[in-house]
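Residue numbers (my numbering): 142 to 245. Each residue gets a CB set at the ideal place from its N, CA and C atoms; glycine is no exception. Source: prediction; values computed, not measured.
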């Protein structure tokens with residue numbers, strides 16, 4: 142992600158809207174994943190798709206870190222990574238906050 146301007150100083154700006162139907166996707170402290178309360182899609186801490194009906198990972202916004210100033214380009218939302226992307230190898234670290242919906 143660094144070459145695409147999506148990672149700066151170990152930080153990544155994720156658009157917290159589910160790419161399935163646009164619901165806000167909060168972070169679950171128990172699982173350490175983002176979990177959509179509407180249809181149960183789940184994303185690891187890097188916003189990569191893990192479970193549910195979402196077609197891909199969470200969308201991102203480019204950011205730059207200049208000295209101590211972090212700038213996020215919220216007007217430039219970029220398509221999230223495709224299903225199967227797994228740069229972290231992160232499994233859920235506890236129980237899910239949202240139960241999977243419809244067997245997805």
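For residue i, name the three-state secondary structure that DSSP assigns.
{"i": "residue 164", "result": "coil"}
{"i": "residue 177", "result": "coil"}
{"i": "residue 210", "result": "strand"}
{"i": "residue 154", "result": "strand"}
{"i": "residue 241", "result": "coil"}
{"i": "residue 169", "result": "strand"}
{"i": "residue 199", "result": "coil"}
{"i": "residue 205", "result": "strand"}
{"i": "residue 104", "result": "Here the chain covers residues 142 to 245 and nothing more, so residue 104 does not appear."}
Just the C-alpha distance for residue i and residue j, rounded to the nearest angstrom, thanks.
{"i": "residue 164", "j": "residue 177", "result": "7 angstroms"}
{"i": "residue 197", "j": "residue 209", "result": "32 angstroms"}
{"i": "residue 225", "j": "residue 238", "result": "22 angstroms"}
{"i": "residue 160", "j": "residue 231", "result": "20 angstroms"}
{"i": "residue 166", "j": "residue 188", "result": "10 angstroms"}
Discussion item. With a threshold of 8 angstroms, are at least 3 pairs of Cβ atoms found where one atom belongs to the stretch 204-212 and the other to the stretch 164-180?
Written reply: Segments in contact, no.
Discussion item. Measuring CB atoms only, is the stretch 181-195 touching the stretch 154-164, in the sense that at least three cross pairs come out at less than 8 angstroms?
Written reply: With contact defined as three or more Cβ pairs closer than 8 angstroms, the stretch 181-195 and the stretch 154-164 are in contact.
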